[in-house]
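Residue numbering for the sequence shown follows our numbering, starting at 14 and increasing by one per position. Structure, as structure tokens:
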Amino acid sequence: MEGKITCSLCSVYEHDMDVLLMQAVLSDAGFLALFLDKTDWRSMGLTAVHAELSNTETDLGETDITVILTDGEKKYALLIEDKIDAVAQPEQHQRYLKRGEKAVRDGAFSDYRVFIVCPQKYYDTDNEAVKYEHFVSYEDCAAYFQKGTDTMSPIRYQQVMQAIDKAKRPPQVTVKEEANRFFRKYREYQREHFPHLNMRTKETANGYWPDYQTCYPYEKVVLYHKMSDGVVDLTFTGGKDRLSALEAVCGWLNRNGMTDICAMVTGKSVALRINVPKISYHYGFGNIPADDLDKCFIAVSRMVELAKFLQDVQNFFTEENA
Numbered sequence: 014m015e016g017k018i019t020c021s022l023c024s025v026y027e028h029d030m031d032v033l034l035m036q037a038v039l040s041d042a043g044f045l046a047l048f049l050d051k052t053d054w055r056s057m058g059l060t061a062v063h064a065e066l067s068n069t070e071t072d073l074g075e076t077d078i079t080v081i082l083t084d085g086e087k088k089y090a091l092l093i094e095d096k097i098d099a100v101a102q103p104e105q106h107q108r109y110l111k112r113g114e115k116a117v118r119d120g121a122f123s124d125y126r127v128f129i130v131c132p133q134k135y136y137d138t139d140n141e142a143v144k145y146e147h148f149v150s151y152e153d154c155a156a157y158f159q160k161g162t163d164t165m166s167p168i169r170y171q172q173v174m175q176a177i178d179k180a181k182r183p184p185q186v187t188v189k190e191e192a193n194r195f196f197r198k199y200r201e202y203q204r205e206h207f208p209h210l211n212m213r214t215k216e217t218a219n220g221y222w223p224d225y226q227t228c229y230p231y232e233k234v235v236l237y238h239k240m241s242d243g244v245v246d247l248t249f250t251g252g253k254d255r256l257s258a259l260e261a262v263c264g265w266l267n268r269n270g271m272t273d274i275c276a277m278v279t280g281k282s283v284a285l286r287i288n289v290p291k292i293s294y295h296y297g298f299g300n301i302p303a304d305d306l307d308k309c310f311i312a313v314s315r316m317v318e319l320a321k322f323l324q325d326v327q328n329f330f331t332e333e334n335a
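Structure representation (structure tokens):
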């Protein structure tokens, strides 16, 4: 098959793969079956009638590929996250679920299934990827196209294989111009109005979760401003099993006037959290009220002070028992 038609891309980007997957799902019932066979919809006789790239909800982010299916009466959707090697955004899977639920409430479709499509290596090594309910590997796609006898199958096969090869290289962080522009404005505001805060996140980053210096070593405690989630988290890494201890600390803080702080499990870690106004690059920095920004940075400042207080208490008891 490969000897008949050859296709070589200088580099394969995720958008290239988005287009390939969208076209294949719409035009090839056998390829669509790769997805449906992973779900409880396999026997419903669904057909693909529409697909869309980069469907974006202002507060909830972006769906790479939305595929609308029908059984002749109702509409259903596949919501697909496509990855080659880009680092996953925090809580990306959870936002897919939220977008799906919102679309159901709005009547866009009756039900949905969420997928991630990526190289097997990516799936095996990324903590966010394994959260998705359904998974189709690039290797699955390549095996399907390799068997195809139509004109497009060998072209698609070679493109997928080039994407798999790209995934074997060190991962690259994809910086979005719009997100970075917003983050740089955010960083300028912080430096002008809250210069005492020491932001760790580089100016060249997307800046979805800016992190700030505390008195603790970075590998133990990280202070995140999760902008689009509307929270500031003082995160104790790898501390999931110590939630009860953190809840006791939180209870003391609540009883002593800090009633807006709660204790949370975040992945494999635990955090003390303050809710703040949600901000996102989708809004545009100029449209964010200064009062909302100030509330966010004040919360970060409070968490820096709280980290210092907790370390002082810890040091007191450590020295006393020495």
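For each residue, glycine too, the CB sits at the ideal point set by N, CA and C.
- Going by DSSP, L45 is part of the alpha helix (DSSP H) stretching over A42 to L49.
- When DSSP assignments are scanned along the region 17 to 88, the uninterrupted stretches of alpha helix (DSSP H) that are 4 or more residues long and fall wholly within it turn out to be 27 to 40 and 42 to 49.
- Setting aside the 5 residues that flank it on each side, R108 is surrounded in the same chain by L73 and G74, each with a C-beta closer than 6 Å to its C-beta; the list follows chain order.
- Its Cα nearest to that of F48, the residue D153 stands out among D246, V313, T187 and D153.
- In the DSSP assignment, H295 falls outside any beta strand (DSSP E), carrying neither H nor E.
- With contact defined as three or more Cβ pairs closer than 8 Å, the region 180 to 200 and the region 216 to 224 are in contact.
- The beta carbon of G243 sits closer than 7 Å to the beta carbons of N288, V289, P290 and K291 from its chain, once the five residues preceding and following it are set aside; these are given in chain order.
- 8 Å or more divides the Cβ of D95 from the Cβ of D124.
- Cβ atoms of Q159 and Y170 come within 8 Å of each other, at about 5 Å.
- DSSP lists V244 as the beta-bridge partner residues of N288.
- Within the DSSP bridge table, the entry for C275 names R286 as partners.
- If you compare the alpha carbons of V235, M174 and T52 with that of S24, the shortest gap goes to M174.
- In the structure shown, R182 adopts coil according to DSSP, grouped into three states.
- When the five nearest sequence neighbours on each side are left out, the beta carbons in the same chain lying within less than 6 Å of the beta carbon of A61 are those of V38, L39, L45, V80 and L82, in order along the chain.
- When the Cα atoms are used, E27 and T227 turn out to be separated by approximately 36 Å.
- L66 is a Cβ neighbour of M35, given a cutoff of 8 Å.
- Rounded to the nearest angstrom, the gap between the Cα atoms of L266 and L319 is 10 Å.
- Comparing alpha-carbon positions, the option among K134, E70 and S241 lying closest to A180 turns out to be K134.
- In the DSSP assignment, D124 forms a beta bridge with Y89.
- In this structure, the CA atom of H147 is about 22 Å from the CA atom of R118.
- The C-alpha of K115 lies about 13 Å from the C-alpha of N68.
- DSSP places F249 within a strand segment (E or B) once states are collapsed to three.
- Judged by DSSP secondary structure, V262 falls outside any beta strand (DSSP E) and instead within the alpha helix (DSSP H) spanning L256 to R268.
- Put simply, of V188, C20, Q102 and Y89 the residue whose alpha carbon is nearest the alpha carbon of S241 is Q102.
- Selection N140, R255 and F329 evaluated against E104 yields N140 as nearest (Cα-Cα).
- Taking all protein chains in view, the Cβ of A156 is surrounded by fewer than 16 other Cβ atoms within 10 Å, so the residue is classified as exposed.
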